[in-house]
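Start counting the sequence shown at 1; every next residue gets the next number (UniProt numbering). All C-beta atoms in this analysis are idealised placements derived from N, C-alpha and C, irrespective of residue type, glycine included. First the structure, in the form of structure tokens, and then the observations on it.
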Amino acid sequence: MQLPRRVPWENLTELEQVFAWIYTDENDLDAKQRAVDRLAAWRAAVPLPHALESAHTILSVLLQDGTAASSSTCLSLRMSYASSIIRLVNGLVDPLQLGAYARSIHSIAQQLGLPPWLVELRHAATHEDLPSLEVLRDAAKEAMTWLLHNYFLPTLNPSASSTAPAPPLRPIAPLLKQYKTLLKATTRDATLHVQYRAEITKTLRDIERWISEAKVASSATGGVAWDDAQDENDDSEEDTREKSALDKLCDALLEKGMLVPLSKKKRISPEQGTLALPRSSIAIWSPLLSHLQSLHPALPLHLVSAITAHLSRPISAGAAAPNTDFGADSVSLEMALDEPKTDPTYDICLASWAKWLIDNCTSGTTDPDEATELRESIVVRIVSALRPDRVERGASKAANALLQVISAERPKLAAALSILTQTPAQSSKDWDENVLAVMDARLTTFLALQRDISPDTLDAAPASAPAGAEVVQLPPGWRKLSERDGWRPAPVGVFVTCS
Numbered sequence: 001m002q003l004p005r006r007v008p009w010e011n012l013t014e015l016e017q018v019f020a021w022i023y024t025d026e027n028d029l030d031a032k033q034r035a036v037d038r039l040a041a042w043r044a045a046v047p048l049p050h051a052l053e054s055a056h057t058i059l060s061v062l063l064q065d066g067t068a069a070s071s072s073t074c075l076s077l078r079m080s081y082a083s084s085i086i087r088l089v090n091g092l093v094d095p096l097q098l099g100a101y102a103r104s105i106h107s108i109a110q111q112l113g114l115p116p117w118l119v120e121l122r123h124a125a126t127h128e129d130l131p132s133l134e135v136l137r138d139a140a141k142e143a144m145t146w147l148l149h150n151y152f153l154p155t156l157n158p159s160a161s162s163t164a165p166a167p168p169l170r171p172i173a174p175l176l177k178q179y180k181t182l183l184k185a186t187t188r189d190a191t192l193h194v195q196y197r198a199e200i201t202k203t204l205r206d207i208e209r210w211i212s213e214a215k216v217a218s219s220a221t222g223g224v225a226w227d228d229a230q231d232e233n234d235d236s237e238e239d240t241r242e243k244s245a246l247d248k249l250c251d252a253l254l255e256k257g258m259l260v261p262l263s264k265k266k267r268i269s270p271e272q273g274t275l276a277l278p279r280s281s282i283a284i285w286s287p288l289l290s291h292l293q294s295l296h297p298a299l300p301l302h303l304v305s306a307i308t309a310h311l312s313r314p315i316s317a318g319a320a321a322p323n324t325d326f327g328a329d330s331v332s333l334e335m336a337l338d339e340p341k342t343d344p345t346y347d348i349c350l351a352s353w354a355k356w357l358i359d360n361c362t363s364g365t366t367d368p369d370e371a372t373e374l375r376e377s378i379v380v381r382i383v384s385a386l387r388p389d390r391v392e393r394g395a396s397k398a399a400n401a402l403l404q405v406i407s408a409e410r411p412k413l414a415a416a417l418s419i420l421t422q423t424p425a426q427s428s429k430d431w432d433e434n435v436l437a438v439m440d441a442r443l444t445t446f447l448a449l450q451r452d453i454s455p456d457t458l459d460a461a462p463a464s465a466p467a468g469a470e471v472v473q474l475p476p477g478w479r480k481l482s483e484r485d486g487w488r489p490a491p492v493g494v495f496v497t498c499s
């Protein structure tokens, strides 16, 4: 559960006031000074989000520039401007280096919608000659404009749509195809492994960088994690990003041509009894899965979830055998033809990958207890998704085959599944209407008991009750205490002993 976060303002009205001081009049230095003073007071009470910290720093330099009287302060102004821009860019980019391999600052800034020339200015101010004062002034104004559209306006009005949507996430399919091509070549000719080793390593790093990009893109605010510095112990946001990125990766891996070959001859035949993958598929994809699991231990669980989500989809009659009666309704015929046709070889191949993950999911773990826990978590996830009742209603044969293979290795699980698949002794067609009569009789008896008045209930009626007043009827076994019984009124929560 995500913990409540601390904010420096008591309500949004205070933030609106600071916002008005900053952006209402660009030349009003007194208003900007009030904004700087308010931000300084907030910073003394609670750590500020990076946006407000950067705004405070840039406004302080702008005030210093507006009150500078001599040219001797030019160098100090340039250094102050440069420092504020460097801190702004670094504070935005560093928290988003989420992967095992570092990404370029330009790629992260592009996802955030940060102007590229601010990144170039940050690089020049850090490693090259200090930019001129005019350029730094323009950079400060550009930075404040970016904070206006990416922090102040979304915070003050969260329901408003963003004026600058984040760029779409680049597809992962080209990277996976490139990896598949390289591994195909090395598995067919082992002598090419040394030649393609550098390219394979680069492709693996590119896939990991894509996962980092997916984490940034999954953020609701376009990747700007303003509040991450507020509570470093709260990992809920990181877990959400990780889950979203891995889900996108697993969806791409399940496309035909990835884990499942395009050619049906290279898949598992539906008539084959065992769920065994071809050696070629294992040789191609197991290095990638092992590499990613070492960086993302939850990958097998996400991949199994994606597989079971496909296998657990019920197969409609129209999908299995479309209605081709041309005398039927044209709308019904069109809907039947639009139903996705099932591919038994595709389903069997996915079920085989799920079985392979159970047997080989512990390749990246060294702790036996952790390995056992991961394997059992995968089994639980498969069984909970491929429920026997759903299988009985017409799910794919691959789902049933996967359950049988798993239960054959686990006697206790087989016993539990046999109980779940048992047909009830009494079906809905054999409903006995006398059961309703019994229920009505019990209800009538219960209501009659509520209407009964016991002698204790009669004694509990107040003697001073006026004529015609309604007497409260208490249930059987209850009576109302009076002062004769030693009861006397007292405030709620106060214990009064009887005299």
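Collapsed DSSP secondary structure at residue 492 in the structure displayed: Here residue 492 sits in coil by DSSP.
Range covered by the alpha helix (DSSP H) that runs through residue 81: Where residue 81 is concerned, the enclosing alpha helix (DSSP H) stretches over 74-93.
Residue 45 vs residue 8 beta-carbon contact at 8 Å: In this structure, residue 8 lies closer than 8 Å to residue 45 by Cβ.
Burial state of residue 478, where buried means 16 or more other Cβ atoms lie within 10 Å: Result: exposed.
6 Å Cβ shell around residue 496 - same chain, five flanking residues per side excluded: 490.
Cβ-Cβ distance between residue 35 and residue 81 below 8 Å: For the 8 Å CB-CB criterion, residue 35 and residue 81 do not form a contact.
Residue 27 versus residue 306: straight-line alpha-carbon distance, rounded: Residue 27 and residue 306: Cα-Cα distance of roughly 57 Å.
Own chain, CB closer than 8 Å to residue 48, minus 5 neighbours either side, in chain order: Once the five neighbours on either side are set aside, the close Cβ partners of residue 48 are 8, 39, 42 and 56.
Residues bridged to residue 256 (per DSSP): For residue 256, which the question treats as bridged, DSSP gives the partners 260.
Straight-line gap, residue 411 to residue 439 (C-alpha atoms, nearest Å): Cα to Cα, the separation comes out at about 41 Å.
Distance cut-off 7 Å: residue 260 Cβ against heavy atoms of the ligand COA: Questions concerning the ligand COA fall outside what the structure shown contains, since it holds no ligand whatsoever.
From 374, 84 and 278, residue whose alpha carbon lies closest to that of residue 61: Cα-wise, what sits closest to residue 61 is 84.
Nearest-angstrom Cα separation, counted from residue 95 out to residue 127: When the Cα atoms are used, residue 127 and residue 95 turn out to be separated by approximately 22 Å.
Integer-rounded CB distance, given that residue 268 should sit under 8 Å from residue 505: Coverage of the chain is limited to positions 1 through 499, which leaves residue 505 absent and any answer about it impossible.
Outcome for residue 111 when other beta-carbon atoms lying within 10 angstroms are tallied against a minimum of 16: Flag for residue 111 reads buried.
Residue 294 - containing alpha helix (DSSP H), residue span: Unbroken alpha helix (DSSP H) run through residue 294: 279-295.
Three-state class that DSSP yields for residue 326 in the structure shown: Per-residue confidence for residue 326 stands at a pLDDT of 37, beneath the threshold of 50, marking its modelled position as unreliable; no derived number is given.
Rounded Cβ spacing between residue 311 and residue 386 (contact assumed at less than 8 Å): Residue 311 to residue 386, Cβ: 6 Å. Contact.
Nearest-angstrom Cα separation, counted from residue 10 out to residue 463: Note on residue 463: pLDDT 46, under 50, position unreliable in the model; the coordinate value appears next. Straight-line measurement puts the Cα of residue 10 at about 57 Å from the Cα of residue 463.
Cβ contact check for the stretch 170-179 and the stretch 135-155: 3 or more pairs under 8 Å: Verdict: no, contact absent.
Which of helix, strand or coil DSSP assigns to residue 245: Secondary structure of residue 245 (DSSP, three-state): helix.
Residue 65 to residue 201 span [Cα, whole Å]: Residue 65 and residue 201: Cα-Cα distance of roughly 50 Å.
Straight-line Cα distance separating residue 369 from residue 32: A straight line joining the alpha-carbon of residue 32 with that of residue 369 spans about 59 Å.
Residue burial classification, residue 203 (beta-carbon count within 10 angstroms, cutoff 16): Flag for residue 203 reads buried.
Residue 298 and residue 262 closer than 8 Å at C-beta: Cβ atoms of residue 298 and residue 262: not closer than 8 Å.
Bounding residues of the alpha helix (DSSP H) (the contiguous stretch that carries residue 180): Boundaries of the alpha helix (DSSP H) harbouring residue 180: 173-188, taken from the DSSP string.
Whole-Å CB distance - residue 382 paired with residue 402, under 8 Å assumed: Going by Cβ atoms, the distance from residue 382 to residue 402 rounds to 7 Å, so yes, they are a contact pair.
Burial state of residue 12 (16 or more Cβ within 10 Å): Label assigned to residue 12: exposed.
Where residue 328 falls, given that 16 or more other Cβ within 10 Å makes a residue buried: Residue placement at residue 328 is flagged as unreliable, the pLDDT there being 41, under the threshold of 50; a coordinate-derived value is accordingly withheld.
Reference residue 154, options 213, 19, 304 and 384, closest by Cα: Minimum Cα distance to residue 154 is reached at 19.
Straight-line Cα distance separating residue 286 from residue 187: When rounded, the distance between both Cα atoms is 12 Å.
Top-ranked residue by Cα proximity to residue 359, from 102, 377, 492 and 344: Considering only alpha carbons, the answer is 377.
Separation of residue 213 from residue 63, as counted between CA atoms: Each residue's CA atom was taken as its position, placing residue 63 and residue 213 some 37 Å apart.
Extent of the continuous alpha helix (DSSP H) to which residue 38 belongs: Counting along the chain, the unbroken alpha helix (DSSP H) around residue 38 starts and ends at 29-45.
Run of the alpha helix (DSSP H) containing residue 54, from where it starts to where it stops: In the DSSP assignment, residue 54 falls within the alpha helix (DSSP H) that extends over 50-66.
When 277, 447 and 254 are compared against residue 265, the one with the closest alpha-carbon: Comparing Cα-Cα distances from residue 265 to each of 277, 447 and 254, the minimum goes to 277.
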